[in-house]
Structures are given as C-alpha cells and as structure tokens.
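In what follows, a single structure is set out as structure tokens and then discussed.
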C-alpha cells in the first residue's frame, strides 16, 4: 500500500516536538529527513545533533536521505545518531 512520508524539513524548528507529535497523531509511521551539505546540493539542512534530538522524542522510523558529497563517511554518523534507514545519491 502506498504511504506518504512527512518531511522533517517542512517543520517549524522552533516547534519541532509539536510538529512530530502532530504527524504521529495523524498516523504516520515514518518520518523523512533530508540532509544537505551545501556542497553536493546548494542547500544546507541539519546535522546529527538534530537527528539525535528527534530520535529521543519519537519512535517513528527515521528515513534519512543524504544529499552529501561524502556519503560513505556521513552515513555511519547518521545511523549512530538514530537513523533507521539511509538513502544516498
């Protein structure tokens, strides 16, 4: 069955816990997390401290999407911070 994954990047980071609680209440099972390094793609998003903080407040599956120049060195850091799965470009 198709599933819609809410994206953490769309959240207001001053109310991150509230937004995560809303997607949990709506029945989401997976939270999509875009990671951009400003090199592989021109945008810059968040790092492992944010993911580790999110992991502490939710049991949702954390689907991390790496758009970074060195995914082989970055992926283990996000897995250690609480990612359940990692996809790379």
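Numbering (our numbering), first residue to last: 1 to 89.
Ideal placement from N, C-alpha and C gives every residue a C-beta, glycine not left out.
Boundaries of the beta strand (DSSP E) in which residue i is found, first to last residue
{"i": "residue 34", "result": "30-36"}
{"i": "residue 87", "result": "85-88"}
Nearest-angstrom Cβ-Cβ length linking residue i and residue j, presumed shorter than 8 Å
{"i": "residue 66", "j": "residue 30", "result": "Not a contact, Cβ separation roughly 16 Å."}
{"i": "residue 60", "j": "residue 28", "result": "6 Å"}
{"i": "residue 6", "j": "residue 23", "result": "4 Å"}
{"i": "residue 13", "j": "residue 89", "result": "Actually they are not in contact, since the Cβ atoms of residue 13 and residue 89 sit about 24 Å apart, beyond 8 Å."}
Start and end residues, alpha helix (DSSP H) containing residue i
{"i": "residue 73", "result": "71-81"}
{"i": "residue 17", "result": "16-25"}
Beta-bridge partners of residue i, as assigned by DSSP
{"i": "residue 65", "result": "34 and 87"}
{"i": "residue 7", "result": "32"}
{"i": "residue 44", "result": "37"}
Contact under 7 Å by Cβ, residue i with residue j
{"i": "residue 33", "j": "residue 64", "result": "yes"}
{"i": "residue 77", "j": "residue 58", "result": "no"}
{"i": "residue 17", "j": "residue 52", "result": "no"}
{"i": "residue 69", "j": "residue 86", "result": "no"}
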